[in-house]
Structures are given as C-alpha cells and as structure tokens.
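Colleague: I am attaching a structure below and will ask some questions about it afterwards.
2 protein chains.
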Amino acid sequence: MGKNLTSRAEDYSKWYNELVVKSDLAENSGVRGCMVIKPYGYAIWEKMQAQLDKMFKETGHENAYFPLFIPKSYLSKEASHVEGFAKECAVVTHYRLKNAEDGSGIVVDEDAKLEEELIVRPTSETIIWDTYRKWIQSYRDLPILVNQWANVVRWEMRTRLFLRTAEFLWQEGHTAHATKEEALEEAEQMMHVYAEFAESYMGVPVIKGTKTESERFAGAEETYCIEALMQDGKALQAGTSHFLGQNFAKAFDVKFATKEGNQEYVWATSWGVSTRLMGALVMTHSDDNGLVLPPKLAPIQVVIVPIYKGLDQLDAISEKVEPLVKELRSKGISVKYDKRDTHKPGFKFNEYELKGVPVRLAVGQRDLENGTYEVARRDTLTKESVKAEEIVEKVSSLLEDIQENIYNKALAFRKEHITEVDSYDDFKKVIEEKGGFVSAHWDGAPETEDKIKEETKATIRCIPLDAKKEEGKCMVTGKPSARRVLFAKAY
Amino acid sequence: MGKNLTSRAEDYSKWYNELVVKSDLAENSGVRGCMVIKPYGYAIWEKMQAQLDKMFKETGHENAYFPLFIPKSYLSKEASHVEGFAKECAVVTHYRLKNAEDGSGIVVDEDAKLEEELIVRPTSETIIWDTYRKWIQSYRDLPILVNQWANVVRWEMRTRLFLRTAEFLWQEGHTAHATKEEALEEAEQMMHVYAEFAESYMGVPVIKGTKTESERFAGAEETYCIEALMQDGKALQAGTSHFLGQNFAKAFDVKFATKEGNQEYVWATSWGVSTRLMGALVMTHSDDNGLVLPPKLAPIQVVIVPIYKGLDQLDAISEKVEPLVKELRSKGISVKYDKRDTHKPGFKFNEYELKGVPVRLAVGQRDLENGTYEVARRDTLTKESVKAEEIVEKVSSLLEDIQENIYNKALAFRKEHITEVDSYDDFKKVIEEKGGFVSAHWDGAPETEDKIKEETKATIRCIPLDAKKEEGKCMVTGKPSARRVLFAKAY
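Chains as they are written, first to last, in our numbering: chain A, 82 to 572; chain B, 82 to 572.
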C-alpha cells in the first residue's frame, strides 16, 4: 500500500483532503455537499460522542430528541436568528412523488404541496423553545438541562469533508434558567467542558474566549468559544456556547412564575460541537505519513503485525501473540492482531501508519528467538526492541506518553504562533507570512473589524478569557483599547 | 399527583396516548406528525440503543453514517422500491429563504431551486448502494457489515406517538455479500438478534417468521420479521430483516470480481428496528396505573422515598439510605433517592408508579426503629417489609424476578391468544371477538390475502419459522395449503 500522499509543505489543503479519504475517515457522496462518514472515521466520532456524553451527564444534562423539521414561521420569530440562517436553509415543500404523466419517470406531485414549508433544522433553538413553552410554568420546572445528538443541515456553497458540509452531525445543548447569572454560568461551564475534552482527549490545545458582536451566533447575547490552531497557521473554531439572554423566551413567549409569583421570561443557553472536530483532530496532529491519532480516541490503539514465512512460523508467533492480545484487552486496550496472509508486513505497516494507530508491535522469527517485540510509536516514528516480559507495561506507558506528547507538540506549535504586534503593518506581515494567532489592540468597533477582515482576511477569533488588562491603542484607528484580542485567518 | 389515566378496558387507544404523554416519554410537536422524545423516554431509547449496538458489534458489524438526502433519481432506480416509498416522501426543492418583497415576512427564494429535488431518506438502501459501488471491487472487499443509527422520514397521514410518526429514529443495517447463502444467513441472523433483544431485554415475546410477498419490504426477495402481541389483541411488527437478493446491486451496478476472476452482482441485506419498539414496550407490559418497565431498560431501577416529619427525621433516614444508595450503585443498579420536600410521599408513589420504576423502597420512622424497608414491586403492585441487612440482596433478586415475570406474563397472554381455526366463519369470529393471532390455512394467493384483509382487517403477520408442516385446505378457497400462517389485526 503506497500512500501517495501529497505532503503538507506542498499543498496543505490537498494533503488534508487526500488524507481524510485515504485513511478511510470519510468521502464525498453523490449528494452535493453531503459526506459519507466511513466506519473508521465513525469509530473515532463514536469515541468522541461517548466521552462528551459522559461529561454532559456528569454536569447534570439529559438527552432528548426534537423534530428534524422546523415550520418556516418558527424560524422567523427571532429576527436576528432567521437573518443568520435563512440563506442556507434546505426547504421541504412537498410530501409526495408520483409517476410523470408522460411516463418519463418520477416527479414531485404538485397536489401534495405543504401548507407551510418546513426547514430542515440548521440548529434547533426555535423548535425547542416552542416546546419549552409547554414544559415551563414555574420556577420549579427550572432549570431544564437538555442535550440532543442530531444531524443538521446548512446549505453551504463550498464544502470540505468534516470542516464544512451541508449536513453534519453534532450535539446541541439547550438549557433554560430562572436567572441571568445561572444561564451565564451554564454557558461558561460548557465552554470549559469543551476545552477539557479538546485538550485531554483530542490532545488539541485551545484558547477560551468570547466572540465579538459580529462573530456571535445569530440570536446570542454572548458567545463563548474554544479556538484551536492548525498546522498551517489557520485557526479553527472547535466549539461554541451561547448565552441567549431572553431572546428566544420572548420570541416564543416562555414565561415562568417566580417564587414571589411574578411572571418572568426564561433565560437560555445553547452550545454545540460537531463532526468538524474530526477535521481539527486530523489537522492538529497528522503528518506526511498519515493520521496521528490520540490514543484516547483511536479505534485501534495497538496493532500487532507478524512477520513470517510459512504457516508454521505464523503459528509459532500466534502462540506468543494471542495471550498478549488477551492481556492487553483485559487492561482495556483495543488491540488488532493482523495476521492476514493476503498482505505483506510492509503493506500493513504503511496502512496502520496512514490510519494513525498509536502503537505498532512487530514480531518475527528473530524476535521469537530473542523473546522481544519491535515496538514502533506513530507520533515520533521511532522504534525500539522490547523484552516480551516488559511489553504490556511498555505499551500502557507508551499510550500515555503519546497522548501527552502530541498535546505538548501542538501546544509548543501554538506558543510559537501567537505573535504580539502593535502596528497594522506588522500585523499584515505576520498574518501573511507567519500565520497563527496575532495578538493586537482593537478599538472595539465592528467597522474596524470589517476593514481588517476585508484587507487581510483575518478575523477576531476571540477575546481571550485570560487576556491581561493592558491599556493600548487600536493598531488601525489609534483609538483607545482596554485589552488585546486574538486575530487569525480561520477555517 | 393524580394519574387520571383512562383505563385500558375503557379505551385502549386513549390509554396508550395518555400514558405516553403523562409518563413523560414523548409528546406531539408543533410539526405535523413529528414527536418530541422527552428525556425520560429518550433514556429508555438510549438503553435500547446501547444493547442493540453491542449485539451488532458482537456479530461483526461497524457503524457508519450516510447522507440524510437522497437525489430523486436514486430512489427511482429500483422499481419496486420507489413504488413503495414515493407516496410518503418529504421533498426538498429549495435551499434558501429570503425576505418577501412586500415586507410580509420570510418566503422561499424561487431563485434557489435545486436542479434535482432531494428526498429526505425514508430508508437508505439507494444512497448506500450508490456508495458501495465505490467500495466494492473484488471478493476481498466483502462482506461489508455496516449499520447506521439515524432519523428517517415517511410522510404518514395518521400518526401516533412512537407507533407511526412522520420522523422516527432507527438503525438500519446494510450488508453486502459474495454469495446468496451468506446474505440469507445474515438476514436470518439479524432476525434472531432482534428476537433475542426483544425477549431478553424488553421482556416482549415475539414470533419469528417470514412475510408473505405482499407484506414484504419494497425491494426485498424475503423479509424476516419478529411479531409481538399487544394487550388489546393486536399484533405489532417489532423488527424486520430483508434479503434483498441482487436487486440493489443491479440497480446501482455493484459488481465484484470473484476468486475465479468473474464479474458478479453483489448480494444484499438490510435490517432495522426503530423507536416503534418504545410503543411495543409500553403496550406489552403497562397497566392502568402507568408504565411497567423491564428492569434491564428502566432508566431508574430503584427509587427510595423517605417518609418523615421535619428535617431531623429526614436526616436520620438519609443517614441510613445514603450508604445503601452507594452500595446499590456499586452493583450497577441505578437508584434515585427522592428526598424532595416539595412533594408528599403519596405524590411520589404515584409518580414512580406512572413512570414504571420497577422497585420502590419506602422508609419511615417505624422502619428506622425496626431496621426495615417497605419494598414495593411495580409489576405486581405488592409490598413487603424487608430487613435492612437483606435489602441489597432482595433488590437484586427482585430486579431479576420482575424481568422474568413480565416476560412470562406476556408470554402466557400470547399463548392464550393464538387460536387455531379451520373455517373462515370461525376465523372472522375470533378476529372480531377475541383478537390475537389466528393460525389458519391459506392457499398462498395474494388475492385471498387481499380478500381476507378487506373483509376482516386482519393481515398475515408471518409464516412462522417453526410452523409445523401440516397439510390442510385454505379456509377461504378450500385450495391446498402446506402449513398454517398467522393472521392478526395489526398496528
């Protein structure tokens, strides 16, 4: 199996597209902008889901399921919300097909037109708040802490596997609270949950912050986000958590009786991460040889490849390997023993490198004689010979090492790619030549933000949570600024 | 909490609808025919999913994800398939909304018409076999054993929560094989997996069999099914597994090179169960007091209700109960200790009865003094006093007992409701007066089947797998018949 993978230096974008397809994560379908997530890619997504779901439940959330369709009139109820989504809505207008009268095939049956068009959900605030109206009467019904795992559709013109697809999979949390403070706390909490997941499981360091007004979710009063940095110096928004104020409660007339007996509008949050995380995972760690997966999310953590001539040798190897497979599995490690005789060891090595399996053990005749395994780690592509009696411990510690190492590597890369600048000229130069995050002063005006975006394609990724207070002057207008914000070109 | 539940005897259908809503399983949404699955209902569905997913993986299947949308032309490729689904398709025709020119609100943007209409998947054979064409070249690529958890849409005119909704959640397995025998084996295997799940987890006895030609899935050459019997004597198809022959391979031109180097069409199966199972669960076990849930699928297996006056008494009770909660949880039992002081014990008893919690422990002042718990089981509504030191063992054994008991009860009911008849008059009488399955001879002709359906509303639910060979005469036409088949009115 030759990899024939374009190198990152040659064409990062091409490398990404090729890698996603060749490593069996996903591929384009016959439906414009919609992808097929292949079993290997889906197995990673399942691991992400399982961990996130656990973290959501640990913070008190329950899952539920709301309709795929949203009546057009619902979407219109929150003004800024509809403005944000109207241009990318898939619209259902009919509910039946029929045979064409001229016998030319199947056509839409015009007699089966819907009274009101239905939108395929681009996000579910409207249908959910229409439901919450029925669930909430008094403060005793609050908070509602609900999450949904679902597919959503946003009709994008330019799509890329995982990063931007017309249909994608995600989770969307939608919570309802009695007070503004509680809702703000919830929104902030979920940003921290996302950051913890990204860093400890995906091995992707992220910067926590808030969005500027123009980058906020359509209908939000505050958007918290986590921002990651890809190897090509472009940022990627990996998750968002929105404080929605009382906007949706007002649009859908959701009030509750307070302890004192007053009627008040309910406070809301929503938060989501999507299959886009798969793109972030690939672009953070992988190299010119293929995927590099964090052990905590790798469908196969360890692969064992026998090197043999003839079935006798294979039998002798299997006799040693099979108990090892059992022992590793008993420790919760997912192992594949690949003894296919249709493919050569070199082919297999290439395949598992391409697929990012963290640890590879090879065992041949000489290893049998010496009582050793050849151990290769995917992140550093280094090999060593390890005694059989030490192999279980070695594998366990390697998996931890790799998880830590790829995080540290990504963190070091990001540190090297946060540049402070004080002039707009320097800004343009860094954005153009070096990439990464640029930390600069900005006067807080959307017009300045727009101008910068237009001239450099860089946007404000976030106002970092931990930004130190520092008086300064906007690099563009010279007007006063209270703290630096982070700019970058972004996916 | 008064239950105010219509009794089954009074109006079974009304009882079902009320129960689903009042026990917080699901409710109708503002979108015609689409339901909201509430957290309590979704928690049961999650448990079903987890167990089924485990069983699918144990039989070698992997998950993947395919697009929500299907181009109209794909659906048309398999003739009987499109005929089966065309009349209930939600059709996407546009991809954008815009502000109406007269300022009246948001309208569909006619400039954003799709070149080819997209169908919201009613099932995914077509989009999947369009994909499999790319995945399959040689016998080495087979079998493909893939499952998908997804939402699907079938535009039904009359809908009922869980039983028949426009959108529903399901899993659909789609496998590809080199030989007819292997595909048949797979289809049959999955029927057995479904039966095992229904009986051992849901506590729902099922009859395994095959469908008659007119009841087969659109595009299948054989449909295996599991059929359950509800308390009102109506049958419910709980799962189906289809042998699709080479129909989809031919429609989508999916061939493979055999070991001998010939090009042959691939053999296919598909199989699915859906949120309809939730309806079967409710209608098999529940009673006039509410849900009765099998312990293996109950989100809360044990609830503990303290009976106290004043916080001192509550503290004394909690001191005893909290270690018990821990101990039960350590055994993998899900426990809720409900010490809300906003509701009285009687209200709580009612609530957990309605929600079908299998075991309820109550503990009051006298229990504290005597070192006992009052233990109530939901299935029989019986109570007993149990010594504190025996309570863990008691709860464990009760959960097993209840799981077994509700299955046995349902099985006994079904046995009483399989009636053999030899004349059409008797048939009509049993169908009308007693309900349940009727075992009768049929000549194998679709016309006879149609006539029976028209005259009695009963359909052939299945040709049971274990039907004993028995020569006989069709009860309607008197023509020869080789074995009895099972008729019933059905959901």
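Note that the Cβ used here is the ideal one computed from N, Cα and C, for glycine as well.
Taking the alpha carbon of B/P376 as the reference point, which residue from B/M283, B/Y433, B/E143 has its own alpha carbon closest?
Modeller: When only C-alpha atoms are compared, the closest one is B/M283.
Colleague: Alpha carbon to alpha carbon, how far is B/M82 from B/V440?
Modeller: The predicted model places B/M82 with a pLDDT of 48, which falls under 50 and marks its position as unreliable, so this point remains unresolved.
Colleague: Would you mind sorting A/A521 into buried or exposed? The rule is 16 or more other CB atoms within 10 Å of its CB.
Modeller: It is buried - the Cβ of A/A521 has at least 16 other Cβ atoms within 10 Å.
Colleague: Which residue marks the beginning of the alpha helix (DSSP H) containing B/T365, and which one marks its end?
Modeller: Counting along the chain, the alpha helix (DSSP H) containing B/T365 begins and ends at 357 to 366.
Colleague: At a Cβ threshold of 8 Å, is A/W574 touching chain B?
Modeller: No information on residue 574 of chain A is available, as it lies outside the stretch 82 to 572 that chain A covers here.
Colleague: Please classify A/K464 as buried or exposed, where buried requires at least 16 neighbouring CB atoms within 10 angstroms.
Modeller: Exposed is the call here.
Colleague: How is A/H522 classed by DSSP in three states: helix, strand or coil?
Modeller: Residue state, collapsed to three classes: strand.
Colleague: What are the partner residues of A/W348, as DSSP defines its beta bridges?
Modeller: Beta-bridge pairing links A/W348 to A/H258.
Colleague: Chain A beta carbons: is any one of them nearer than 8 Å to that of B/D211?
Modeller: Yes - at least one Cβ of chain A is within 8 Å of the one on B/D211.
Colleague: I want to verify the contact list: residues of chain B whose CB lies under 7 Å from the CB of A/H175, in sequence order.
Modeller: Within 7 Å Cβ-Cβ: V172, T174.
Colleague: When the distance is taken between beta carbons, is B/M311 closer than 8 Å to B/Y572?
Modeller: Cβ atoms of B/Y572 and B/M311: closer than 8 Å.
Colleague: Report yes if the C-beta distance between B/T540 and B/E296 is below 8 Å; otherwise report no.
Modeller: Yes, these two residues count as a Cβ contact at 8 Å.
Colleague: Taking C-alpha atoms, which residue in A/P286, A/S355, A/K194, A/K168 lies nearest to A/S322?
Modeller: Nearest C-alpha to A/S322: A/S355.
Colleague: For the stretch 207 to 217 of chain A against the stretch 326 to 343 of chain A, do three or more pairs of beta-carbon atoms, one drawn from each stretch, fall closer than 8 Å, so that the two count as touching?
Modeller: At 8 Å Cβ cutoff, the stretches touch.
Colleague: Return the CA-CA distance between A/W236 and A/P203, expressed in angstroms with no decimal places.
Modeller: C-alpha separation (whole angstroms): 9 Å.
Colleague: Put A/Y454 into one of helix, strand or coil per three-state DSSP.
Modeller: Strand at A/Y454.
Colleague: Look up A/Q318 in the DSSP assignment and say whether it is helix, strand or coil.
Modeller: It is a strand residue.
Colleague: Going by DSSP, which residues form a beta bridge with B/G184?
Modeller: None; B/G184 has no bridge partner.
Colleague: For the beta strand (DSSP E) that A/V444 lies in, which residues bound it at each end?
Modeller: Unbroken beta strand (DSSP E) run through A/V444: 440 to 444.
Colleague: Going by beta carbon distance, what residues of the same chain come within less than 6 Å of A/A259, once the five residues before and after it are set aside?
Modeller: The answer, listed in chain order, is Y220, L223.
Colleague: Where do the N-terminal and C-terminal ends of the beta strand (DSSP E) with A/M283 fall, by residue?
Modeller: It is not in any beta strand (DSSP E) - A/M283 carries neither H nor E in the DSSP assignment.
Colleague: Take every Cβ of the stretch 85 to 97 of chain B, pair it with every Cβ of the stretch 288 to 307 of chain A, and state whether three or more of those distances are shorter than 8 Å.
Modeller: No: fewer than three Cβ pairs fall under 8 Å.
Colleague: Should A/G141 be flagged as near chain B, meaning a C-beta pair shorter than 8 Å?
Modeller: Judged by the 8 Å Cβ criterion, A/G141 is not in contact with chain B.
Colleague: Judging by CA-CA distance, which residue of B/K554, B/L149, B/K509, B/A279 is the nearest neighbour of B/I535?
Modeller: The amino acid occupying residue 535 of chain B in the given sequence is Glu; Ile does not appear at that position. That would be B/K509, whose Cα lies nearest to the Cα of B/E535.
Colleague: Need the endpoints of the beta strand (DSSP E) that A/S466 sits in, please.
Modeller: Start and end: 463 to 468.
Colleague: Can you find a C-beta in chain A that's less than 8 Å from the C-beta of B/A85?
Modeller: Inspection of the sequence shows that residue 85 of chain B is occupied by Asn rather than by Ala. No, because no Cβ of chain A sits closer than 8 Å to the Cβ of B/N85.
Colleague: Any beta carbon of chain B sitting closer than 8 Å to that of A/E248?
Modeller: Yes, A/E248 lies at the interface with chain B (some Cβ there is under 8 Å from its Cβ).
Colleague: Can you list, in chain order, the stretches of the beta strand (DSSP E) that have 3 or more residues and sit fully within the stretch 126 to 193 of chain A?
Modeller: Counting only runs of 3 or more, we get 150 to 152, 172 to 175, 178 to 180, 187 to 189.
Colleague: Using a Cβ-Cβ distance under 8 Å, would B/A167 count as near chain A?
Modeller: Cβ-Cβ to chain A under 8 Å: yes for B/A167.
Colleague: Considering only residues of the stretch 516 to 565 of chain A, which uninterrupted beta strand (DSSP E) runs meet the minimum length of 3 residues and lie entirely inside it, listed in chain order?
Modeller: List check, beta strand (DSSP E) in window: 518 to 522, 540 to 545.
Colleague: Kindly list the residues whose CB is nearer than 6 Å to the CB of B/G320, restricted to its own chain and excluding five residues on each side of it in sequence; keep chain order.
Modeller: If we look at B/G320 and ignore the five residues flanking it on each side, its Cβ neighbours are Y275, I307, V354.
Colleague: Give the DSSP bridge partners of B/H323, in chain order.
Modeller: Answer by DSSP bridge pairing, in chain order: B/T304, B/S351.
Colleague: Which word fits A/I246, buried or exposed, when buried means at least 16 other C-beta atoms lie within 10 angstroms of its C-beta?
Modeller: Checking the sequence, you will find Thr at residue 246 of chain A rather than Ile. It is buried - the Cβ of A/T246 has at least 16 other Cβ atoms within 10 Å.
Colleague: Would you verify that the beta carbon of A/G360 is, or is not, closer than 8 Å to some beta carbon of chain B?
Modeller: Not closer than 8 Å to any Cβ of chain B, the Cβ of A/G360 fails to qualify, so no.
Colleague: As a quick exercise: from A/T350, A/E514, A/R458, pick the residue whose alpha carbon is nearest that of A/W210.
Modeller: Residue A/T350 is the option with its Cα nearest to A/W210.
Colleague: Quick one: complete alpha helix (DSSP H) runs, 4+ long, within the stretch 205 to 262 of chain B?
Modeller: The stretch 205 to 262 of chain B contains these whole alpha helix (DSSP H) runs: 206 to 216.
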